[in-house]
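Numbering (full-length UniProt numbering), first residue to last: 1 to 352.
Okay, here's the thing in structure tokens:
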């Protein structure tokens, strides 16, 4: 007897209870005697009955409010693509009365995360998706969510000792390790490379970047221990100084021919190289921002690593719907592919 043919009234008949009683048991509502509940549950188990959660959710008319907490960004930057995915999910699940409130924190100010998170708790959402900041500032938020039984999804970076319902993003450590391997294929026997960072008062701005760099350095230590790694820290909040700082770096280090940045703004260095017509430098970076892709096509960037941010945004909201509305099991870790793009294959890559 397939579950699609089993009707609630058949179960009611077998358990010798009313249709209303079966409905209450299936949806975990109260108002059923212990004896009746047991009988119905046994029959549901025997029949391996799977209620049609889709139909139940449509019928219930319950409203679901989700909150998303993302780093502040300009239009066209990495997080814009994540937001596009969130919007697609809203359209896809529009039948189920879901709404999403977006909030933003300053990724270079840890207190900003805590302040905005507090505001979200006051909204009492049904579920939350957010990009965590460093563990000690994320923890008070996740502890409060656990206390209130509000399910939450991590996007972009994962905190294993504070597990979320689900995580969507790259394995950042592996991604950095892979980036180092690719860079050294470009660099050959070169003995110097440079890591470009955007930093504000010592803060890099994301866990993802820090872990990529750890993975990168791990590969270098293992396979190229004698390669010198320079660092150039550009100001995260003062783009106007970039060109001057890059001029100075290249004047001091004329032999450095390979570099990487672990944030999504490789275009800052790529556009500089194009402007200076510096063609003897191999540059690697992350994410398919329009300006990054233009640099790749024009030769200012050699490789880009992509990670499907739209899909992360969409799947994060989908996971909340699956968990809360359809009562489905949600996988704990969902790793995005680590896609290596060059000007030769970028045209054929769909970032969906």
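Heads up, the beta-carbon is just placed ideally off N, CA and C, and yes, glycines get one too.
Between the Cα of residue 105 and the Cα atoms of 85, 173, 127, 134, which residue gives the shortest distance? In the chain shown, counting from the first residue as 1, residue 105 sits at position 105. Relative to the Cα of residue 105, the nearest Cα in the group 85, 173, 127, 134 belongs to 134.
Where does the unbroken alpha helix (DSSP H) through residue 146 begin, and where does it stop? On the chain shown, residue 146 is found 146 positions in, with the first residue counted as 1. For residue 146, the enclosing alpha helix (DSSP H) has its first and last residue at 135-147.
Here's a check: name, in chain order, each residue in its chain whose Cβ is nearer than 8 Å to the Cβ of residue 177, leaving out the five neighbours to either side. Position 177 of the chain shown, counted from the start, is the residue given in the question as residue 177. If you ignore the 5 residues before and after residue 177, its C-beta comes within less than 8 Å of the C-beta of 215, 216, 218, 219, all in its own chain and listed in chain order.
Do residue 197 and residue 233 have their C-beta atoms within less than 8 Å of each other? On the chain shown, residue 197 is found 197 positions in, with the first residue counted as 1. On the chain shown, residue 233 is found 233 positions in, with the first residue counted as 1. The answer is yes: Cβ separation under 8 Å.
Go ahead and label residue 161 buried or exposed: buried means 16 or more other beta carbons lie within 10 angstroms of its beta carbon, across all protein chains shown. In the chain shown, counting from the first residue as 1, residue 161 sits at position 161. Counting C-beta atoms within 10 angstroms of its own C-beta, residue 161 has fewer than 16 neighbours from the protein chains shown and is therefore classed as exposed.
Sequence-distant residues of the same chain with beta carbon closer than 8 Å to residue 72, five excluded per side: On the chain shown, position 72 is the one that residue 72 refers to. Closer than 8 Å at Cβ, skipping near neighbours: 104, 105, 106, 107.
Please work out which residues of its chain come closer than 7 Å, Cβ to Cβ, to residue 120, disregarding the five sequence neighbours upstream and downstream, and give them in chain order. Locating residue 120 in the chain shown gives position 120, where the first residue counts as 1. Only 67, 69, 103, 128 meet the Cβ criterion.
Would you say the beta carbon of residue 85 comes nearer than 7 Å to a heavy atom of the ligand COA? The model on display carries no ligand, and the ligand COA is accordingly not part of it.
Which same chain residues end up closer than 6 Å to residue 65 when comparing Cβ atoms and leaving out the 5 residues on each side of it in sequence? Walking along the chain shown from the start, residue 65 turns up at place 65. 99, 125, 126, listed in sequence order.
Which residue wins for smallest C-alpha separation from residue 190, given the options 259, 37, 16, 309? By 1-based counting over the chain shown, the position of residue 190 is 190. The option with the nearest alpha carbon to residue 190 is 259.
Residue 37 - containing alpha helix (DSSP H), residue span: Here residue 37 refers to the residue found at position 37 when the chain shown is read from its first residue. Following the DSSP letters along the chain, one finds residue 37 inside the alpha helix (DSSP H) bounded by residues 34-47.
What residue does the alpha helix (DSSP H) around residue 297 start on, and which one ends it? Here the question's residue 297 lines up with position 297 in the chain shown. Element bounds for residue 297: 290-298.
Based on Cα-Cα distance, which residue from 52, 175, 82 lies nearest to residue 328? The sequence position of residue 328 within the chain shown is 328, counting from 1. Comparing alpha carbon positions, the residue from 52, 175, 82 closest to residue 328 is 52.
Quick one: give me the first and last residue of the beta strand (DSSP E) that residue 166 is part of. To locate residue 166, count along the chain shown from 1; it is residue 166. Note, residue 166: beta strand (DSSP E), 166-169.
CB contact flag (residue 334, residue 167, <8 Å): Taking the first residue of the chain shown as position 1, residue 334 is located at position 334. Taking the first residue of the chain shown as position 1, residue 167 is located at position 167. A contact, by the Cβ cut-off of 8 Å.
For residue 342, report the span of its alpha helix (DSSP H) as first-last. Here the question's residue 342 lines up with position 342 in the chain shown. Unbroken run through residue 342: none, as it is neither H nor E.
Does DSSP put residue 321 in a helix, a strand or coil? Numbered from its first residue, the chain shown carries residue 321 at position 321. Under the three-state reduction of DSSP, residue 321 is assigned to helix.
Need the endpoints of the alpha helix (DSSP H) that residue 267 sits in, please. For the purposes of this step, residue 267 is identified with residue 267 of the chain shown, where counting begins at 1. In the DSSP annotation of this structure, the continuous segment of the alpha helix (DSSP H) that includes residue 267 starts and ends at 267-275.
Backbone secondary structure at residue 159 - three-state DSSP: Taking the first residue of the chain shown as position 1, residue 159 is located at position 159. Note: residue 159 maps to coil in three-state DSSP.
Within 10 angstroms of its Cβ, does residue 175 collect 16 or more other Cβ (buried), or is it exposed? Translated into positions along the chain shown, residue 175 becomes position 175. Only buried fits residue 175, as 16 or more other CB atoms lie within 10 angstroms of its CB.
Exposed or buried, what is residue 310 when buried is set at 16 or more other beta-carbons lying within 10 Å of its beta-carbon? Walking along the chain shown from the start, residue 310 turns up at place 310. The residue is buried, with at least 16 neighbouring Cβ atoms inside 10 Å.
Residue nearest to residue 266 in terms of C-alpha spacing, selected from 251, 299, 139, 201: Position 266 of the chain shown, counted from the first residue, corresponds to residue 266. Between residue 266 and the set 251, 299, 139, 201, the nearest pair of CA atoms involves 299.
For the beta strand (DSSP E) that contains residue 213, what are its first and last residues? Walking along the chain shown from the start, residue 213 turns up at place 213. For residue 213, no beta strand (DSSP E) segment is defined; the enclosing uninterrupted segment is the alpha helix (DSSP H) at 207-223.
Three-state class that DSSP yields for residue 13 in the structure shown: Working through the chain shown from its first residue, we reach residue 13 at position 13. Annotated three-state conformation of residue 13 is helix, per DSSP.
Between residue 312 and residue 338, what straight-line distance do the alpha-carbon atoms span, to the nearest angstrom? Here residue 312 corresponds to residue number 312 of the chain shown, with the count starting at 1. Here residue 338 corresponds to residue number 338 of the chain shown, with the count starting at 1. When rounded, the distance between both Cα atoms is 13 Å.
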